[in-house]
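Under the UniProt record's numbering, the letters of the sequence shown match residues 1 to 566, in that order. Ideal placement from N, C-alpha and C gives every residue a C-beta, glycine not left out. The structure presented is a predicted model; accordingly, all values stated were derived computationally and were not measured. What follows is a short report on a single structure.
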Amino acid sequence: MDFTETYDDTCSSVGFAARTGAIKTLKALLKSGRSVDVKDNRGWRPTHEAAHAGHTQCLELLLNSKFTDVNWRNFEGLTALFFAVKQQHVDCVSLLLRHGADPNLSSELEGNPLDIAAAANDVKIAKMLVDHGADVNAQNHYLKYTALHSAVNSKSADVVEFLLAQGSQLSLSDENQMTAFVHAALKGDIKCLTLLLEEAKKQGLPHLVDVGAYDHATPLFLAAQEGYVDCVELLLKHGADPNIPTVTADGVKDALPIHAAVEQEHERIIDLLGPVTSKEAERECSVRLMGLALECMSYGLLKKLVNFDFDVNVMVNSAEFSEFEHFDDYICPGFEHLFWDKLSTLVLLSTKTHHSIVADIEEIVELLISRGVPIDAQDCFERSPLVQLVTTCAGDNLKVMECLMKHRVNPNITHPYIQGNLAVRASLTNMAGLECLLKYGADIQLNWTEFSQNQHPCQHFWAFVCLRLRYCVREANFCLIKILLMFMDIYPVDGTFLMLKDIVEESDWSTLVAMTDTPKTLQHLSRMQIRRQLGYGRITSERVGQLLLPELLKDYILLGDVKWEL
1 MDFTETYDDT
11 CSSVGFAART
21 GAIKTLKALL
31 KSGRSVDVKD
41 NRGWRPTHEA
51 AHAGHTQCLE
61 LLLNSKFTDV
71 NWRNFEGLTA
81 LFFAVKQQHV
91 DCVSLLLRHG
101 ADPNLSSELE
111 GNPLDIAAAA
121 NDVKIAKMLV
131 DHGADVNAQN
141 HYLKYTALHS
151 AVNSKSADVV
161 EFLLAQGSQL
171 SLSDENQMTA
181 FVHAALKGDI
191 KCLTLLLEEA
201 KKQGLPHLVD
211 VGAYDHATPL
221 FLAAQEGYVD
231 CVELLLKHGA
241 DPNIPTVTAD
251 GVKDALPIHA
261 AVEQEHERII
271 DLLGPVTSKE
281 AERECSVRLM
291 GLALECMSYG
301 LLKKLVNFDF
311 DVNVMVNSAE
321 FSEFEHFDDY
331 ICPGFEHLFW
341 DKLSTLVLLS
351 TKTHHSIVAD
361 IEEIVELLIS
371 RGVPIDAQDC
381 FERSPLVQLV
391 TTCAGDNLKV
401 MECLMKHRVN
411 PNITHPYIQG
421 NLAVRASLTN
431 MAGLECLLKY
441 GADIQLNWTE
451 FSQNQHPCQH
461 FWAFVCLRLR
471 YCVREANFCL
481 IKILLMFMDI
491 YPVDGTFLML
501 KDIVEESDWS
511 TLVAMTDTPK
521 TLQHLSRMQI
531 RRQLGYGRIT
541 SERVGQLLLP
551 ELLKDYILLG
561 DVKWEL
């Protein structure tokens, strides 16, 4: 039922006269003995009508009747005083209070008259109510807020100052355990926040600056989250602790104020919180700063955090990132997962570089590595940065790959649950990635796995290659297959190789047959052996340039004769 909708046919003649301010008609009706307590469909009596409309003379006439109760409530539990305060009819408020209206009667939903005056920033009415006994610390039935909460939420600094002078308790909190300090910080009201902090200092209650909401979100956390620089500065000046974390429903430490600032990319606030935030406290949180900076694709923030000496070697759960949901299909179709639950900083970085062109990506990678970020996965549960990069190896990801290779990342990645070199497997749908791996020294031979005595080890790999190429690659098949064949010591034999016939053009198939009919040259086999002896990470123009060989051979060892383009 809607208690606010008015039906005129339910309003008494006395009520209608009070509503319209018809004082002469009202006098006549009362003189004739008409009732003053007839309710309309909302439960409104004539006193409610007069107070709401601000008709002081009509209201006074009604209050002088011996049959009138000044504290009558409508169906919502609201009194005439409530309506007069809400409409800011000062004369009506004064009249009602003189006739004994109770300023502490409240509605379960709307609160009491002082709450309304505070929300309206009406100091005059608030003073009138307090002078007639209004409780400044009365709390709403459901929401539990006080007049001080209402004043702060409305940024009514004058009312806040008045209420504090009248003894408002600073420690009272609402249903969400939010004190007035929390509300002031959330609103970014520097005036109200200053008044509250100064009063807390005066009363010897400085700890209230750190009292948080139900999830332990402190005033500092909320000010940082909303980007209120002046409030953050003020709170820190008054001793706010930047190392109090929010907590989850399970009681797990979640995030610090600096996490909130990083997530919203408030750089000025990060500059304020960075020097005073404990590195140990940050490590104890389930949310990590580096993960947030990378999730925001903000490399400026990342560099700023590194300069503040926050831990760069973070590890987060892959379940938190949707982009990893189907990632393992690139490596081995049919496997639901590789148990790669952990994501390192470099893996997170590799998922973001393709979103935008980042001029200083190499500098960032160098910075992370110099601060101790591992370039290789540390166990079988950690996703490999190189495998992640090679699946989308283009643009900035290629720069990152080259940077990792300069630092001797291992391109021969194995896993206890998957056969072969995962980096090579992942690159089969990305020619640029495969080129980068093979130039660097990735070993295709690791993919040779023996499943029966009658099957050559390379055949199982070729079955996998054919499967991947048939469904994932079209026009690039021929060139990619030639490159793979070139890096093998021997060519595939029997029926496995025949699978390639279905996924290349007929003319290309003839070329492949001719290629495999001819044994590899001693020159090529020697080149491959030299590259293996050098080892990954050392097959560079600088290292090969030091060999006592003719320049032509050096270029040959560096695969200068190979045509990689599609």
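Answer yes or no: the CB of residue i versus the heavy atoms of the ligand SAM, is any distance below 6 Å?
i: S278; result: This structure lacks the ligand SAM; in fact it carries no ligand of any kind.
Check for me: the alpha helix (DSSP H) holding residue i runs from which residue to which?
i: K342; result: No alpha helix (DSSP H) holds K342; the beta strand (DSSP E) holding it covers 342-344.
i: S526; result: 522-534
i: K127; result: 123-131
i: E199; result: 190-202
i: G15; result: 13-20
i: I116; result: 113-119
i: P416; result: No alpha helix (DSSP H) contains P416, which DSSP labels as neither H nor E.
i: Q431; result: Reading off the sequence, residue 431 comes out as Met, not Gln. Here the alpha helix (DSSP H) through M431 covers 431-440.
i: V262; result: 257-263
i: G77; result: Element bounds for G77: n/a, residue is neither H nor E.
Does the beta-carbon of residue i have 16 or more other beta-carbons within 10 angstroms, so that it is buried, or is it exposed?
i: H89; result: buried
i: L389; result: buried
i: L548; result: exposed
i: E450; result: At E450, the pLDDT of 47 sits below 50, so the modelled position is not reliable; the number obtained from the coordinates is stated separately. With fewer than 16 Cβ atoms within 10 Å of its Cβ, E450 is classed as exposed.
i: R19; result: buried
i: E435; result: buried
i: H183; result: buried
i: A249; result: exposed
i: E49; result: buried
i: A28; result: exposed
i: A514; result: exposed
i: Q533; result: exposed
i: E263; result: buried
i: Q225; result: buried
i: H415; result: buried
i: P519; result: exposed
i: G251; result: exposed
i: H407; result: exposed
i: V276; result: exposed
Look at the Cβ atom of residue i, then the Cβ atom of residue j, and state whether they are nearer than 7 Å.
i: L446; j: N430; result: no
i: T345; j: V306; result: no
i: D62; j: T56; result: The sequence as given places Leu at residue 62; Asp does not occur at that position. No; because the gap between Cβ atoms is not below 7 Å, this pair is not in contact.
i: L81; j: P46; result: no
i: A195; j: F181; result: One point to set straight first is that residue 195 is Leu, not Ala, in the sequence displayed. The answer is no: Cβ separation not under 7 Å.
i: S278; j: N313; result: no
i: N176; j: A138; result: no
i: I125; j: K86; result: no
i: C11; j: D40; result: yes
i: Q308; j: G274; result: For clarity, residue 308 is Phe in the given sequence; the question names Gln instead. In this structure, G274 lies closer than 7 Å to F308 by Cβ.
i: A151; j: A118; result: yes
i: A134; j: A84; result: no
i: D241; j: D210; result: yes
i: S168; j: N121; result: no
i: V123; j: V160; result: no
So which of the options has the shortest CA-CA distance to residue i?
i: Y417; options: M401, K439, L438, D379; result: D379
i: F381; options: M315, D131, C436; result: M315
i: C13; options: D555, V38, T6; result: Checking the sequence shown, residue 13 turns out to be Ser, not Cys. Comparing Cα positions, the closest option is V38.
i: L193; options: V262, H141, E233, L95; result: E233
i: A200; options: L294, H216, L164; result: L164
i: I483; options: Q533, L559, E551, V130; result: L559
i: D174; options: V159, G212, V160; result: G212
i: S65; options: E76, W44, T79, K31; result: K31
i: Y214; options: A442, M178, V409, A377; result: M178
i: T246; options: R268, A217, A51; result: A217
i: E402; options: N412, F162, L437; result: L437
i: I530; options: Y556, E505, P519; result: Y556
i: R425; options: Y440, V409, R408, I444; result: I444
i: M60; options: G433, K399, A423, L95; result: The sequence given here places Glu at residue 60; Met does not occur at that position. Here the closest residue by C-alpha is L95.
i: C296; options: S507, I539, R383, E265; result: E265
i: L348; options: G433, N397, S370, F310; result: N397
i: D189; options: V229, G33, Q203; result: V229
Under the assumption that residue i contacts residue j (Cβ atoms under 8 Å), give the Cβ distance between them as a whole number of angstroms.
i: L97; j: M128; result: 6 Å
i: S107; j: E76; result: 6 Å
i: residue 570; j: L208; result: Given that the chain is displayed from residue 1 to residue 566, the structure contains no residue 570 and the question cannot be resolved.
i: G239; j: I269; result: 17 Å between Cβ atoms; not a contact.
i: A185; j: C231; result: 6 Å
i: H223; j: L205; result: For the record, residue 223 in the displayed sequence is Ala; it is not His. No, A223 and L205 are not in contact; Cβ-Cβ is about 19 Å, not under 8 Å.
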